[in-house]
Structure formats: C-alpha cells, structure tokens
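**Q** Residue numbers for the sequence shown follow the numbering used here, beginning at 708 and rising by one.
Where a beta carbon is used, it is the ideal one built from N, C-alpha and C, also for glycine.
One structure is given below, represented as structure tokens, and several questions about it will come after.
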Amino acid sequence: MDISIIPIGNSKGIRLSKTLLEKYNIRDTVELILEKSYIIIRPKHSPRKGWEKSFKRMHENGDDKPLMADIFEDENFEEWT
708 MDISIIPIGN SKGIRLSKTL LEKYNIRDTV ELILEKSYII IRPKHSPRKG
758 WEKSFKRMHE NGDDKPLMAD IFEDENFEEW T
C-alpha cells in the first residue's frame with residue numbers, strides 16, 4: 708500500500724484512512740517502532756483507561772459489594788500458623 712507524505716505545519720506526516728483506523732482499532736495514540744530498515748506503527752491501548760470512572764460509578768450505584776465472603780464459616784486458621 709502506498710501512502711503519500713503530506714505537510715503538517717513545519718513537519719510532514721501520513722494520513723491513514725478510516726478503514727485502516729477501524730480495522731486495526733487505532734484511536735488516539737500509536738506506538739512507533741523502529742526496527743532495522745522498517746517503521747512499524749502499532750495501536751497503543753490503555754487497557755485500564757476509564758476504570759477509575761467506572762469504579763466510582765459502581766460505588767455510587769452500590770454495585771461494588773463482594774460477591775463472596777472473605778472468610779468462610781468452616782475456614783481453619785490454625786493450619787496457617
């Protein structure tokens with residue numbers, strides 16, 4: 708695939724089509740990897756992005772309660788000493 712180099716202010720860059728952005732799930736940031744004579748552009752993901760807001764919303768809705776007890780009724784702590 709040929710892509711033209713385009714002027715962007717005092718720099719130059721490339722323009723990626725909407726199809727490529729969607730196919731490779733490229734959003735706001737990419738990782739640029741320089742290997743030998745290659746330039747690799749890889750989507751950069753923040754897997755935990757937005758978790759803080761989600762956890763806060765869960766807490767506000769009361770959805771952050773444990774699903775099971777931390778200590779079971781028949782648990783024997785003496786075997787751990």
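(1) Per DSSP, S718 forms a beta bridge with which residues?
(2) Please report the residue range of the beta strand (DSSP E) in which L727 lies.
(3) Anyone know if the C-beta pair for P750 and R734 falls short of 9 Å?
(4) Are L728 and I710 close, meaning C-beta to C-beta below 9 Å?
(5) Determine the extent of the beta strand (DSSP E) in which E742 is found, giving its start and end residues.
(6) Residue range of the beta strand (DSSP E) that R749 falls in?
(7) Under the three-state reduction of DSSP, which class applies to R734: helix, strand or coil?
**A** Concretely, from the data shown:
(1) Looking up residue 718 in the sequence shown gives position 11. Beta-bridge pairing links S718 to I715.
(2) On the sequence shown, residue 727 is found 20 positions in, with the first residue counted as 1. Note, L727: premise wrong, no beta strand (DSSP E); alpha helix (DSSP H) at 725 to 730.
(3) One-based indexing of the sequence shown puts residue 750 at position 43. One-based indexing of the sequence shown puts residue 734 at position 27. Cβ atoms of P750 and R734: closer than 9 Å.
(4) Locating residue 728 in the sequence shown gives position 21, counting from the first residue. Locating residue 710 in the sequence shown gives position 3, counting from the first residue. No, these two residues do not count as a Cβ contact at 9 Å.
(5) Working through the sequence shown from its first residue, we reach residue 742 at position 35. Counting along the chain, the beta strand (DSSP E) containing E742 begins and ends at 737 to 742.
(6) Numbered from 1 along the sequence shown, position 42 holds the residue referred to as residue 749. Where R749 is concerned, the enclosing beta strand (DSSP E) stretches over 745 to 750.
(7) Here residue 734 refers to the residue found at position 27 when the sequence shown is read from its first residue. It is coil, neither helix nor strand.
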